[in-house]
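Colleague:
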Amino acid sequence: MKLFLETSAQADVGTSQDGDLSAAARKFSGVSSAHFLRLVEERGTTGFWTCDLATGQSSVSPGLLRVMGVETPQPFAIMDLINQVHPDDRLRCEDLWPLIRSGVPVNRSFRIIRGDRTVRWVEFRSEVVLDAEQRPARVIGLLQDVSQDHENRQALEESLGRYRALVGAVAAMEWRATASGEPVFSQGWTVLTGQREADVLNGSWVEAIHPEDRQAVIAAWKNAVSNLTPYEAYHRIRMTNGDYEWFLARAVPMLHSGRLHEWLGILIRQRGLKGIDPVNASADSLLTPMQIRAGRAMLQWTLEDLSQHSGVSISSIRRIEAEGERATRPASLNAIRQAFELEGLIFSDGNGVALQRAEGRRL
2 MKLFLETSAQ ADVGTSQDGD LSAAARKFSG VSSAHFLRLV EERGTTGFWT CDLATGQSSV
62 SPGLLRVMGV ETPQPFAIMD LINQVHPDDR LRCEDLWPLI RSGVPVNRSF RIIRGDRTVR
122 WVEFRSEVVL DAEQRPARVI GLLQDVSQDH ENRQALEESL GRYRALVGAV AAMEWRATAS
182 GEPVFSQGWT VLTGQREADV LNGSWVEAIH PEDRQAVIAA WKNAVSNLTP YEAYHRIRMT
242 NGDYEWFLAR AVPMLHSGRL HEWLGILIRQ RGLKGIDPVN ASADSLLTPM QIRAGRAMLQ
302 WTLEDLSQHS GVSISSIRRI EAEGERATRP ASLNAIRQAF ELEGLIFSDG NGVALQRAEG
362 RRL
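Quick note: the sequence shown uses this note's numbering, first residue 2, plus one each step.
(1) According to DSSP, which residues form a beta bridge with E95?
(2) Could you check whether I318 and L304 sit closer than 8 Å to each other, using their CB atoms as the reference points?
(3) What are the boundary residues of the beta strand (DSSP E) that L288 is part of?
(4) Alpha carbon to alpha carbon, how far is E198 from I101?
(5) Which word fits A340, buried or exposed, when buried means at least 16 other C-beta atoms lie within 10 angstroms of its C-beta?
(6) Report the option in A55, L65, R338 whose CA atom is closest to the CA atom of A138.
(7) Would you call M255 buried or exposed, if buried means 16 or more other Cβ atoms sit within 10 Å of its Cβ?
(8) Looking only at C-alpha atoms, which of R177, V226, P184 sits nearest to W373?
(9) If the criterion is Cβ atoms closer than 8 Å, does the pair F125 and R109 meet it?
(10) Which two residues bound the contiguous beta strand (DSSP E) that contains S127?
(11) Could you give the residue range of the alpha helix (DSSP H) that holds M240?
(12) Can you tell me where the alpha helix (DSSP H) with N84 in it begins and where it stops?
(13) What residue does the alpha helix (DSSP H) around I194 start on, and which one ends it?
(14) For D117, which three-state DSSP category applies?
(15) Using the Cα positions of A156 and A166, report the straight-line distance between them to the nearest angstrom.
(16) Can you find the residues in the same chain that come closer than 8 Å, C-beta to C-beta, to G353, ignoring five residues on each side of it along the sequence?
(17) In the DSSP assignment, the alpha helix (DSSP H) including A225 goes from what residue to what residue?
(18) Could you tell me the boundaries of the alpha helix (DSSP H) in which R319 lies?
(19) Can we say the segment 129-138 touches the segment 71-90, given the rule of at least three CB pairs closer than 8 Å?
(20) In the DSSP assignment, the beta strand (DSSP E) including E263 goes from what residue to what residue?
(21) For the beta strand (DSSP E) that Q58 lies in, which residues bound it at each end?
(22) Where S103 and I141 are concerned, what is the direct C-alpha to C-alpha distance, given to the nearest angstrom?
(23) Looking at the structure shown, is Q135 part of a helix, part of a strand, or coil, going by DSSP?
As structure tokens, then:
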């Protein structure tokens with residue numbers, strides 16, 4: 002251990018006699034690299050080593066022995082470390098010493114079995130120092146315990162895996178938008194609609210929305226972006242084959258340090274929502290024109306308010322509220338009912354409608 006630290010200190014003195022290195026040495030006057038090595042090693046996760054390629058003589062820092070789980074100082078060779086590599090990672094480390102001797106820098110991560118029989122993930126790094134004739138003369142390196150980083154990465158990968166599986170099971174696609182409300186191109190959108198990246202710029206993505214639904218979709222999205230409120234719209238999308246399918250679009254603002262960073266949303270095919278197909282919705286689940294008018298009155302909603310919450314166009318709501326138009330568009334009626342129910346309205350047979358508070362008391 003003393004040999005390693007002394008070598009480092011002597012190297013500082015020698016390099017301080019040349020050019021810019023001399024200025025660097027004067028800047029840290031009275032402080033050798035050994036001081037910096039001790040400062041780094043106090044964390045207990047990093048160790049250093051050096052090896053003379055001609056003689057094979059090696060020296061290590063106390064920190065390296067701690068990383069390897071060796072309690073008492075002992076002669077060290079690179080092969081000692083390789084012998085502690087986990088059996089499942091041996092193939093990844095068989096060429097370490099040949100590469101080092103040939104002058105190739107190495108950067109590998111693998112598991113080792115420490116002296117106390119525990120397994121740790123480590124990062125092995127080395128650099129080769131050339132002699133005056135530009136031949137590999139000495140190798141220096143470090144060994145760092147990265148078990149915590151590896152565990153964090155694994156936990157993150159598992160979390161992302163669960164998230165993707167959940168989204169894949171529920172939604173047709175995930176989508177994002179900038180803080181200003183500009184949707185970000187998604188390959189999933191291209192698969193659904195055939196629109197390419199250039200086709201969705203400057204708000205052109207709405208061209209894939211059914212003409213009767215566009216006004217409500219645009220209004221609902223602008224309202225969400227302006228007020229930083231969750232976005233929800235129920236509308237039809239033109240598929241690659243030219244047919245329209247119903248989707249529920251939802252998005253929430255993602256805040257970082259209290260500031261809007263982006264929007265994250267999903268598209269859910271209609272039949273994946275509570276198992277209800279608006280096109281084939283049961284008549285029992287639909288609302289009467291009187292219930293719709295009463296619901297708007299109880300919530301003090303204008304036609305524009307109901308359009309924003311349901312994704313149904315204002316012109317369609319006017320037609321539906323007209324007597325005799327009860328079953329004109331079952332899908333739109335179902336969307337309106339869902340918008341009302343989210344606000345606490347409950348419906349009964351006939352023309353019954355009531356407003357229920359969060360604690361369960363009817364008004």
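Glycine residues also receive a C-beta, built at the ideal position from the N, C-alpha and C atoms.
Modeller: For this structure:
(1) Against the sequence shown, residue 95 aligns to sequence position 94. Per DSSP, none; premise fails for E95.
(2) Indexing the sequence shown from 1 puts residue 304 at position 303. Indexing the sequence shown from 1 puts residue 318 at position 317. Taking 8 Å as the Cβ cut-off, L304 and I318 qualify as a contacting pair.
(3) Your numbering for residue 288 matches position 287 in the sequence shown. Premise fails: L288 is in no beta strand (DSSP E) and is neither H nor E.
(4) Taking the first residue of the sequence shown as 1, we reach residue 198 at position 197. Taking the first residue of the sequence shown as 1, we reach residue 101 at position 100. For E198 and I101, the distance between alpha carbons rounds to 47 Å.
(5) For the purposes of this step, residue 340 is taken as the residue at position 339 of the sequence shown. Result: buried.
(6) Locating residue 138 in the sequence shown gives position 137, counting from the first residue. Here the closest residue by C-alpha is A55.
(7) By 1-based counting over the sequence shown, the position of residue 255 is 254. Classification of M255: exposed, given that the 10 Å Cβ count is below 16.
(8) Because the chain spans 2 through 364 in this model, residue 373 falls outside it and cannot be assessed.
(9) Within the sequence shown, numbered from 1, the residue matching residue 125 stands at position 124. Within the sequence shown, numbered from 1, the residue matching residue 109 stands at position 108. A contact, by the Cβ cut-off of 8 Å.
(10) To locate residue 127, count along the sequence shown from 1; it is residue 126. 120-131 is the extent of the beta strand (DSSP E) around S127.
(11) Taking the first residue of the sequence shown as position 1, residue 240 is located at position 239. That residue, M240, is in no alpha helix (DSSP H); it is neither H nor E in DSSP.
(12) Position 83 of the sequence shown, counting from 1, holds the residue named residue 84. 79-84 is the extent of the alpha helix (DSSP H) around N84.
(13) To locate residue 194, count along the sequence shown from 1; it is residue 193. For clarity, residue 194 is Thr in the given sequence; the question names Ile instead. Its alpha helix (DSSP H) spans residues 188-194.
(14) Taking the sequence shown and counting its residues from 1, one reaches residue 117 at position 116. Correct three-state label for D117: coil.
(15) Stepping through the sequence shown from its first residue, residue 156 is reached at position 155. Stepping through the sequence shown from its first residue, residue 166 is reached at position 165. Straight-line Cα distance between these residues: approximately 15 Å.
(16) The residue you call residue 353 lines up with position 352 of the sequence shown. So the list reads Q292, once near-sequence residues are dropped.
(17) Working through the sequence shown from its first residue, we reach residue 225 at position 224. Its alpha helix (DSSP H) spans residues 212-228.
(18) The count along the sequence shown starts at 1 and reaches residue 319 at position 318. Run containing R319: 315-322, per the alpha helix (DSSP H) assignment.
(19) no
(20) Translated into the one-based positions of the sequence shown, residue 263 becomes position 262. That run of the beta strand (DSSP E) goes 260-270.
(21) As a working mapping, residue 58 is identified with position 57 in the sequence shown. It is not in any beta strand (DSSP E) - Q58 carries neither H nor E in the DSSP assignment.
(22) Numbered from its first residue, the sequence shown carries residue 103 at position 102. Numbered from its first residue, the sequence shown carries residue 141 at position 140. Roughly 14 Å separates the two Cα atoms.
(23) Here residue 135 is taken as the residue at index 134 of the sequence shown, counted from 1. Coil at Q135, not helix or strand.
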